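These notes concern the structure reproduced below.
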Amino acid sequence: MSVATEAAHIRDLFDTIEELEAVASSLSEDDERRARLDGVVAKTLRQAPPVRPVVAGELLDLTEKTVKAWAREGVLAIHSQEPRMLLDTVRLHEVLHLVSDLRRAGKTRGLIDEVHRRLSDQSLLDRQDLANSLDEMRSGRGRVVRSV
């Protein structure tokens with residue numbers, strides 16, 4: 044399959060995912076339909092085939108060399124190395140969101156550092172123990188701990 048054809052297939056998939064995410068975000072957080080849609084989005088992305096770096100470059104508007112460097116740095120997740128490098132579609136979708144947001148905000152240089160920072164921040168926010176601690180703090184149930 045050609046790079047253009049493969050990129051078009053992935054772009055169509057991501058467009059469908061974006062539509063589902065938009066509908067889900069229009070529902071209240073306690074609406075069970077939102078959780079179901081989020082589950083469909085996650086399942087669809089997990090089932091998508093891995094992506095070649097050249098195709099990811101097309102989608103991200105980056106060179107294949109840059110995409111491979113981002114993969115080596117851990118910004119893009121490598122699905123497999125042999126017989127050729129293939130990238131994880133779930134992470135690619137997440138990074139595509141971040142890069143699009145940054146570019147809309149006028150950021151064009153140092154994207155890898157900013158994307159890496161945002162991914163790191165999000166991984167912290169996704170931790171259940173941190174969420175519990177923040178809830179305790181907000182409700183006044185937490186206790187102050189000072190290092191000596």
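Those letters in the sequence shown? Residues 44 to 191, by the numbering used here. Cβ atoms here follow ideal geometry from the backbone N, Cα and C, with glycine treated the same way. Being a predicted model, the structure only gives us computed values, none of them experimental.
- Cβ contact annotation for residue 122 (same chain, cutoff 7 Å, sequence separation greater than five): 93, 129, 130 and 131, in chain order.
- For residue 99, the CB contacts under 6 Å within the same chain, skipping 5 residues up- and downstream, are 110, 130 and 135 in chain order.
- Measuring C-alpha to C-alpha distances from residue 158 to each of 143, 67, 80 and 170 identifies 143 as the nearest.
- A residue is called buried once 16 or more other Cβ atoms fall within 10 Å of its Cβ, and residue 179, having fewer, is exposed.
- Going by C-alpha positions, residue 160 is about 21 Å away from residue 106.
- Inter-residue distance for residue 85 and residue 101 is about 23 Å (C-alpha atoms, whole angstroms).
- One Cα belongs to residue 77, the other to residue 164, and the distance between them is close to 24 Å.
- Residues of the same chain with a CB within less than 8 Å of the CB of residue 70, apart from the 5 flanking positions on each side, are 76, 77 and 80 in chain order.
- A residue is called buried once 16 or more other Cβ atoms fall within 10 Å of its Cβ, and residue 46, having fewer, is exposed.
- For residue 151 and residue 113, the gap between their C-alpha atoms comes out near 15 Å.
- In this structure, residue 53 sits away from residue 87, with a CB-CB distance that is not shorter than 8 Å.
- Taking each of 185, 82 and 96 in turn and checking the Cα distance to residue 90, the smallest one comes out for 82.
- Look at residue 68 here: in three-state DSSP terms it is helix.
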